[in-house]
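Trainee:
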Ligand SMILES: C[S@@+](CC[C@H](N)C(=O)[O-])C[C@H]1O[C@@H](n2cnc3c(N)ncnc32)[C@H](O)[C@@H]1O
C-alpha cells in the first residue's frame, strides 16, 4: 500500500485466532505498534522494531506518516480493527491508502460461546467513557451488545439503569474471551453489582419479543 501502513486485527486474544494474512503482515513489518498486551502476545520472534502505545497515542498517530517512510509499519488492534478500534482512526486520516486486515471480533467470538446468531444486534461501546445514553439504548433496542471497560462496567450499568423496567431481558457477560480465564455466563440484572469485574468484557442483551 502507498503509505506502508497496515492495521492488523489480532482477534480476541488467543494466538491461533489471528488470520494467516495478519500473521504474515506482522512477521514482515519493520515497525510494529501496539498495546503492551498485543505486542507481548503477537510479536515473539519478529524482527521488526516494537513501539508500545501507553499514553503516547496522540504522538504516535501524529508521527505515523513520518515513521512509515520507506518502512512497513503494522499497527496491532484487538478483535477486528474496524469495530471501535484503531483501524477507524487510521482510516479517518489515511483512508484507502492504508491497509486493514480483518480480525475475529470479541463480539463474533462471544456469540459462538452462547451458541446464538448475532444478526439483528446493535453494537455500542462504553470503552474509555463514550457518554453513551444507556437508558435510551435499552428503551429503543431489544438486541444489544455493549463493550465495557474497568470503569464503565456492570456496576456502572446497574446505577445507570436503576428504576428502568427490564422485564423480559436476558443478559450474558463474556470476559477474557479466548484467553485462559475466559468466562461467559448468563446473569440477572441483580447480579450486576456483585459480578467479578474483568478488564476485557462485553455484555449481550436480548429482550424476548412477545407476539400478542
Ligand atoms: C477498543 S475496544 C476494541 C474492540 C475490538 N475491535 C473487537 O472487535 O473486539 C476494546 C473492548 O473490546 C472488548 N474486548 C476486546 N477483547 C476482548 C476479549 N478477549 N474478551 C472480552 N471482551 C473483549 C472489551 O469490551 C474491550 O474493552
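In the working numbering, the protein residues as written are 314 to 525. Note that CB positions come from ideal geometry on N, CA and C, so glycine has one too.
Return yes when the C-beta of residue 458 is under 7 Å from any heavy atom of ligand 1, and no when it is not.
Mentor: Result no, Cβ not under 7 Å from ligand 1.
Trainee: What separation, rounded to the nearest whole angstrom, lies between the Cα atoms of residue 341 and residue 486?
Mentor: Computed Cα separation, rounded: 37 Å.
Trainee: Less than 8 Å between the beta carbons of residue 390 and residue 321, yes or no?
Mentor: Yes, the Cβ-Cβ distance between residue 390 and residue 321 is below 8 Å.
Trainee: Please determine whether the Cβ atom of residue 353 lies at a distance below 7 Å from any heavy atom of ligand 1.
Mentor: Every heavy atom of ligand 1 is 7 Å or more from the Cβ of residue 353, so no.
Trainee: Ignore the nearest five residues each way along the sequence and tell me which others in residue 484's own chain have a CB closer than 6 Å to its CB.
Mentor: Within the same chain, residue 484 has close Cβ partners 500, 518.
Trainee: Quick one: what does DSSP say residue 467 is sitting in, helix, strand or coil?
Mentor: Looking at residue 467 - three-state DSSP - the assignment turns out to be helix.
Trainee: Take the Cβ of residue 507 as the centre, count every other Cβ of all protein chains shown within 10 Å, and call the residue buried at 16 or more, exposed below.
Mentor: So residue 507 counts as exposed.
Trainee: Assuming residue 436 and residue 396 form a contact by the criterion Cβ under 8 Å, report the distance between their Cβ atoms to the nearest whole angstrom.
Mentor: With a Cβ gap of about 7 Å, residue 436 and residue 396 count as contacting.
Trainee: Identify the continuous alpha helix (DSSP H) that holds residue 336 and give its terminal residues.
Mentor: Element bounds for residue 336: 333-340.
Trainee: Relative to the alpha-carbon of residue 465, which residue among 440, 454, 479, 392 has its alpha-carbon at the smallest distance?
Mentor: Comparing Cα positions, the closest option is 440.
Trainee: Any beta-carbon of chain D closer than 8 Å to the one on residue 495?
Mentor: Included in the structure is just one protein chain, with no chain D present.
Trainee: Considering only C-alpha positions, which residue in the set 427, 433, 386, 461 is nearest to residue 443?
Mentor: That would be 461, whose Cα lies nearest to the Cα of residue 443.
Trainee: To the nearest angstrom, how far is the alpha carbon of residue 315 from that of residue 377?
Mentor: Any answer about residue 315 is weak, because its pLDDT of 48 lies below 50 and its placement is not dependable; what the coordinates show is given next. Each residue's Cα considered, the two are about 13 Å apart.
Trainee: To the nearest angstrom, how far is it from the Cα of residue 418 to the Cα of residue 382?
Mentor: Going from the Cα of residue 418 to the Cα of residue 382 covers about 30 Å.
Trainee: Following a CB-centred definition, is residue 320 positioned closer than 7 Å to any heavy atom of ligand 1?
Mentor: Answer for residue 320: no, Cβ out of range of ligand 1.
Trainee: Within this structure, are the beta carbons of residue 331 and residue 416 separated by less than 8 Å?
Mentor: A contact, by the Cβ cut-off of 8 Å.
Trainee: Taking Cβ positions, are residue 477 and residue 448 nearer each other than 8 Å?
Mentor: Contact flag set, yes.
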